[in-house]
Structure formats: structure tokens, C-alpha cells
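Enquirer: Next up is a structure, given as C-alpha cells.
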């Protein structure tokens, strides 16, 4: 869970970017969470609505949420919580998103009558909610939030560690259950169950579950594909747990791997180590990519590595920095990144492995501890 | 899956409401799906972006989607698909939602240069996307879509039946696995696994999983609460599967139920039958509510029934008609509704049962077939 101190620090940091503004209006659920700890889960009715976080020029912070989200407001680190009734079980409910814009209108009338300069999430704020702001211009919070999100605070790191620990349970379940004759979907179900149990709460499970011929095509969601003896299967698990993502991968073999398969994995292990060796503040994303690619190319598999060497990790997926050939983004302390070398051969199969890392002042700390290897 | 014919019929029906308009711009994922069959799942990267459906005055229909969603566009029943590259694995990706608004701007410039009258989803369309429309006014598609959604088309009913069939597998798993000593979370995992297997695809599992003392408080997501012998447990399963929701409930007992518990369930069975007996076109939602409440009140449990008697079901949850005391909504053929009588006694426990129904020209057809009863 995000802490009071963390939320306050992030709100202050955001306000540094908007010192002349008398209202910052946040509408994206992940950003309301980032700045207040108020989490609306897509597995609950709270996650289907539209809520708002309002920060005034003095830093006073108000959460506006509908009554389906009331239970979740208990964990909101804000100065005021305003609950409006969307559905009272007595009268028909109005369209939920439109009603949220009307609730915002009433709140603005009551508490923010004289606005001069406001900033909003232009790429998210619905038109109906924009229209109730009695100002000509609305600046964009988006770039500042995107920039801020790279440097993770301590409470965010605690969330990410918790998400990774749950995802590690998923990899253990994959290792325990893989065998010839099982389907990708069966393994997905086992992995999802293990992660849900480890997380202790319902989650939205995203990931690649691709076996046999499908493993040679990078990834994809699980299908009814039945594993054959000797098939490789890629498990790339990127669930969102408690608001943050883990993103860790491994490849397993249904049965005894061949020497060729072991050699293939060894190339990826070397690529992972080569990437790790570059991780420190000041290095460019392109340098990390080049280092991670080198062992794969040296093994003659350069054409079999079609994707990034990794990417930033946090509230979204993927996010900056992008570890790709044309990126001049510079790694900085507080970045959390993945490294995920992979190599895929059509008709033969493919593999990917992945760890998550915190960039520190002096180098890096590996955050994930699942067992890598077939 | 939604059919070509169904999507075309719905687009024509929507255009009936906007005959003077030269562009209808749809942005909510569930409405893009409703009108085109293009489904972006929250369990996939496609579900994290912002895509658009554009229908011009002649009915020509264009889907604008980012490259993470390309695979899903294969199932889109549209005249044109335009894919724009959000992330190429070579360069850092821009903020995804903001980039989508820019992609829309380019598309409008190329294909819809002269717009006079447009309609958008005002409660959803992000401000940044609104701003690229070179028109002074934008009318609201929201009310027309909300009205249309009540009368389900044949292809929608097929989707709902499929979702219900998967949810029924969840109830069977609950019945098989319930016992004293297991936790609500363990049962959630079993139910989720059964539904995922039956659906054949990853899903977002929503539902109430409340046992013992918690069952006396209506519901809530699963916890580590350990079931005690004789505990009641409410299973209210409302997953979204293939774009549509099922919503079916039952209550089970961990061990042998008492006569008092059986009597409690019998009251709810009577309430369900009383509600069913009213289901036909022309009846008001309030009448259905009153009929469903009567047996509960007659048993002295009127105060133990705090919620609606049911509600509409489809792309969202809950949705019109709302079967509540103050609703004058009139049932019509093509409505799909739930009936869900419940009674909850603090400190003793509670129960809820629920079926789904299609309102037909002459009455109703029950859509769900799970076993009701402790």
C-alpha cells in the first residue's frame, strides 16, 4: 500500500510543476492511486466508475468518489473525501460516467468557485468533465506525471516488491505443473491461482503463455494448445497487483530439454548478464540494448531477437525508459526496469527470460528471484 | 462473438438517432465492441490503449487502433482498419493515450476533412481527442447508446448465453469444493479456474465471495476468512466473458445446513418465483420489485432485504432496467435481467440466489441453469 508520506511527497513534487495553478484535477485511476493511495480495482464495482482527485493551490487534497467506491476510500490519504450517490437501490441509476461529471460540477460549485488556472489529464479527462470547469484553458498534467513516475519512491518500491513476490509464486507453479499433455490454458489457470493466492486478492492476470510452435512467435495469451514432449513454453507474467506491475519471465521445457535447447537458454543467460553489467545511472537505454543484444547476435541469433531488451516498470506496462536501439533516454537512480532477452525460431521454438531491477546510485539491485532456466 | 449482421444492424439503429450527422465517433471499448465486434481485453495489452470507431454519414465504418491491438482487429466487422504504430521496439514510445489523440488527428485530416455535425461519447471521449475535431459543437452519443443497449440482438444473446454457461461452471466448482476449513480466497481461486477453463480464455473475475459472518453483510470480495462448519457462503458471480456479463448467484453451506437455514433459502426461492411470475413486457420495474419483495417481507425479513430485486445485464453491470421500488422503467421484449432475492441477518448469516432472464414477447425465458440451493 502507498503511504501517507509517499503520497504527500508526490503531490508536492507534482505541484512544483504547477506553482501558478489553483487546481490540479486528476482523473486516471492509476494516477489518483499514485497521489492518494485510493485504489479502484478492475475486479470490483469501484473500478468501473469515474472518480476525481483535486489538489488546490495550497496543496489541500480532495477525493470525489461514487458510493460504489466508498469502501476503498478508507485507504485514501487525502484531506477530504466527498462521496456522491450514483446508485441508491431505490431509484434507477443514471449513466455512471455522465453522472460523475455532474457530481464534479456540484463539487466545483461548492468548493472551487473561483478558478483561474487549472491543469488536467488532457489525454484522459472526459469531455463532459472538462465542460464543467469554468475556465478557458486547461493545461496538461500528463507530461509531468509521466516524468515523475520514473523515479520510484520507497512506498512504490514496496508495492513493486510485493507484486514481484506474487509473480514469483506463479513461476514456481509453472515449474511444478508443466508436463507433456497439459494445455497452455491449464498452465495459465495454475499460474493465475498461485499468483492470486500469493497476492491475497483478486488480480487481473496478463502474460504470455506460448508453447511449442507458438513459443517461436514471441508470445501471446494462452490457448488450448497441448504441450508435446520437449516443447519449450514461455511464461512471461506481468500481472498488476495492488496497483503495480511485476514483469518477470522464464522458459520451461515439457520433459527433458535437448542440448540445443540448453544452449539456446545459455545465450539468453549471457545476454541477461551483459545487460545487467551496464545498469547504472548515466548509461543510455541504447547502450543497455546494445550490450544485451551482443551475445545473442554473436550466437548467430540476431535476427531471432525482434523486441526491446527491456523497459520501465511501474503503474503501467510498458513504460519509460524503453531499452531499444534508438533510445537516448538516460538511466537514473530510482528507475525500475526489466531486462528480457529472447530468441525465437519459427518452427523450432523460442525462449525468453526476464528479471526486474532497481537502478541505484551506484549500479543496480535485482528485485526478482524466480528460478531462471528450462 | 458478435456477428457482421448484428454489428451492421446496431450501427444502422444508432444512425437513426443521428441522421444529420456526418461523423459518429465512438471511444468506449465496450461500445466499439458493440458496434464492430472489435474486443480489447483488459487481460491483454490491447486493452490498455485508446482506440476509435468512426461512422460517417453514409454508414461507412472505420476502426483506428494502435499496433498493440492489431491482432484483435482481425475480428472487427468494419469497412476499413487503420493501424497506427504506438511502439515499434526501436524508439521510445510516447504516452499511449496522448499519442492516440494525435493518431485520430491525422486520420481526421486524411479522411474526414469537412465535418459539420459530429456526435461523440461526451462522458468518455478524452479532452485531447475532442480537441482534434474541427467543429464547434459535438453532440452526445451516450443516451442513444444507453437506450439501444437494452434490447439485445441475437448475437448479443449468444454472447450472454456463453458467459452464463461459463459462470455456471463456476457454481459447480463452488459446490464441489466448499467445506469447513477452506478459505473464501481458496474458493474464489477454484471458481475462477473453472470459469476460465469453461470460457477458454483469460477473464476478469468479479463477484461476491462472503462466508459466515460476512454473508450477513450482503457480500464483498474474497478474504482469508476460514469457513466454519455450518457457515453459509454467498457466491455471486458476475464475470465479463467475451465482452458480456453473466450474473448468477447461489448460497452454499459448509456442511449440513440447519432447518433454519433451509427455511431461509425457501423464502428466497419463493421470492424468485414471485418475481419470475411478473416478468413480461409492459410491467414496471417497481412491480417486479414489489412482487419479489413480498415473500421476504411476509417471512418477517423485510428489513433484511436491503438491495434491488435485480437489474439489467449486458455490456455493463448493473444497467437498466433497475428493479427497484422507485423505478417506472417498463420491461420490454429483448431486455435481459437478473432476479436476485437476498436476506441478510447480522451475526447469523445471509443468503442470495439469482437467475438471468430474457424478456420475450409473451413472458420470459430463463437463461441460467445452475443448481440453486444450499
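Chains as they are written, first to last, in my numbering: chain G, 1 to 374; chain R, 1001 to 1374.
Even glycine gets a Cβ: it sits at the ideal position worked out from N, Cα and C.
Since this is a predicted model, take the numbers as computed values, not measurements.
1) Out of curiosity, what's the CA-to-CA distance linking residue 218 of chain G and residue 1091 of chain R?
2) Identify the residues that DSSP records as bridge partners of residue 1061 of chain R: which are they?
3) Given a cut-off of 8 Å on the beta-carbon distance, is the pair residue 1064 of chain R and residue 1082 of chain R in contact?
4) For residue 50 of chain G, which option in G/34, G/209 and G/67 has the closest C-alpha, if you only look at C-alpha atoms?
5) Go ahead and label residue 74 of chain G buried or exposed: buried means 16 or more other beta carbons lie within 10 angstroms of its beta carbon, across all protein chains shown.
6) Quick one: which chain G residues come within Cβ less than 7 Å of residue 1322 of chain R?
7) Measuring straight from C-alpha to C-alpha, what distance separates residue 1025 of chain R and residue 1321 of chain R?
8) Can you check which of these residues, R/1007, R/1227 and R/1272, is closest to residue 1188 of chain R by C-alpha distance?
9) Name the DSSP bridge partner or partners of residue 1253 of chain R?
10) Using C-beta distances below 6 Å, list every residue in its chain close to residue 327 of chain G, excluding the 5 sequence neighbours before and after it, in chain order.
11) Give a yes or no on whether 8 Å exceeds the smallest Cβ distance from residue 1386 of chain R to chain G.
12) Just checking: is the beta-carbon of residue 1244 of chain R within a distance shorter than 8 Å of some beta-carbon in chain G?
13) What residues from chain R crowd round residue 43 of chain G, counting only those whose CB sits closer than 8 Å?
14) Check the Cβ-Cβ distances between residue 189 of chain G and every residue of chain R, and say whether any is below 8 Å.
15) Rounding to the nearest angstrom, what Cα-Cα distance links residue 1029 of chain R and residue 1243 of chain R in this structure?
16) Please report the distance separating the alpha-carbon of residue 1367 of chain R from that of residue 1281 of chain R.
17) Can you tell which of G/329, G/222 and G/241 has its C-alpha closest to the C-alpha of residue 380 of chain G?
18) Would you say residue 325 of chain G lies against chain R (beta-carbon separation less than 8 Å)?
19) Using beta-carbon positions only, say whether residue 1135 of chain R and residue 1115 of chain R come within less than 8 Å of one another.
20) Would a C-beta distance cut-off of 8 Å place residue 278 of chain G and residue 267 of chain G closer than the cut-off?
21) Let me make sure I understand the geometry here. Which of R/1032, R/1113 and R/1229 has the alpha-carbon closest to that of residue 1181 of chain R?
22) Can you find a C-beta in chain R that's less than 8 Å from the C-beta of residue 335 of chain G?
23) Assuming contact is defined by CB atoms lying nearer than 8 Å, are residue 1202 of chain R and residue 1043 of chain R in contact in what I supplied?
24) Which value, in whole angstroms, describes the spacing of the CA atoms of residue 1155 of chain R and residue 206 of chain G?
25) Nearest to residue 1249 of chain R by CA position, among R/1298, R/1172 and R/1020, is which residue?
26) Please list, in chain order, the residues of the stretch 105 to 136 of chain G that have any C-beta partner in chain R closer than 9 Å.
27) For chain R, is any of its Cβ atoms less than 8 Å away from the one on residue 149 of chain G?
28) Tell me the start and end of each unbroken beta strand (DSSP E) in the stretch 127 to 202 of chain G that is at least 3 residues and wholly inside, in chain order.
29) From the beta carbon of residue 1146 of chain R, is the nearest beta carbon of chain G less than 8 Å away?
30) Could you pull the start and end residues of the beta strand (DSSP E) that residue 1025 of chain R belongs to?
31) In three-state DSSP terms, what is residue 1225 of chain R?
32) At a Cβ threshold of 8 Å, is residue 1197 of chain R touching chain G?
33) Is residue 1200 of chain R close to chain G, meaning its C-beta is less than 8 Å from at least one C-beta of that chain?
34) What number of angstroms, rounded off, separates the C-alpha of residue 196 of chain G from the C-alpha of residue 69 of chain G?
35) How would you list, in chain order, the residues of chain G whose beta-carbon sits under 7 Å from the beta-carbon of residue 1308 of chain R?
36) Shortest alpha-carbon distance to residue 224 of chain G belongs to which of G/259, G/263 and G/184?
Expert: Walking through what the data contain:
1) So the alpha carbons of these two residues sit roughly 19 Å apart.
2) According to DSSP, which records beta bridges pairwise, residue 1061 of chain R is partnered with R/1055.
3) Remark: C-beta atoms of residue 1064 of chain R and residue 1082 of chain R approach each other more closely than 8 Å.
4) Among G/34, G/209 and G/67, the Cα nearest to that of residue 50 of chain G belongs to G/67.
5) Around the beta carbon of residue 74 of chain G, fewer than 16 other beta carbons lie within 10 angstroms, which makes this residue exposed.
6) What residue 1322 of chain R touches in chain G: 92 and 93.
7) Here the alpha carbon of residue 1025 of chain R sits roughly 26 Å from the alpha carbon of residue 1321 of chain R.
8) Of R/1007, R/1227 and R/1272, the smallest CA-CA separation from residue 1188 of chain R is found for R/1227.
9) Residue pairing from DSSP places residue 1253 of chain R in a beta bridge opposite R/1232.
10) 285 and 286.
11) No answer is possible for residue 1386 of chain R: it lies beyond the span of chain R, which begins at 1001 and ends at 1374.
12) Answer no: the Cβ-Cβ gap between residue 1244 of chain R and chain G never drops below 8 Å.
13) Here the neighbours are 1204, 1205, 1206 and 1221.
14) Residue-level contact check: residue 189 of chain G touches chain R, since one or more beta carbons of chain R fall below 8 Å from its beta carbon.
15) Each residue's alpha carbon lies about 10 Å from the other.
16) Rounded to the nearest whole angstrom, the C-alpha separation of residue 1367 of chain R and residue 1281 of chain R is 17 Å.
17) As shown, chain G starts at 1 and ends at 374. That puts residue 380 of chain G outside it, with no answer to give.
18) It does; some Cβ of chain R falls within 8 Å.
19) Against a cut-off of 8 Å, the Cβ pair of residue 1115 of chain R and residue 1135 of chain R comes out as a contact.
20) Not closer than 8 Å, so no.
21) Minimum Cα-Cα distance from residue 1181 of chain R among the listed residues R/1032, R/1113 and R/1229 corresponds to R/1229.
22) At a cut-off of 8 Å between beta carbons, residue 335 of chain G makes no contact with chain R.
23) Yes. Within cutoff.
24) Cα to Cα, residue 1155 of chain R sits roughly 27 Å from residue 206 of chain G.
25) It is R/1172.
26) Of all residues in the stretch 105 to 136 of chain G, only 120, 121, 122, 123, 124, 125, 126, 127, 128, 129, 130 and 131 come within less than 9 Å of chain R when Cβ atoms are compared, listed by chain position.
27) It does not: the Cβ of residue 149 of chain G has no partner Cβ on chain R nearer than 8 Å.
28) Restricting attention to beta strand (DSSP E) runs no shorter than 3 residues, the stretch 127 to 202 of chain G encloses them at 138 to 140, ordered along the chain.
29) Chain G contact via Cβ: present.
30) That run of the beta strand (DSSP E) goes 1023 to 1026.
31) In the structure shown, residue 1225 of chain R sits in coil (DSSP, three-state: anything other than H, G, I, E or B).
32) Answer yes: the Cβ-Cβ gap between residue 1197 of chain R and chain G drops below 8 Å somewhere.
33) Look at residue 1200 of chain R: its C-beta is under 8 Å from a C-beta on chain G.
34) Each residue's alpha carbon lies about 22 Å from the other.
35) Close to residue 1308 of chain R, with beta-carbon spacing below 7 Å, are these residues of chain G in chain order: 89.
36) Among G/259, G/263 and G/184, the Cα nearest to that of residue 224 of chain G belongs to G/184.
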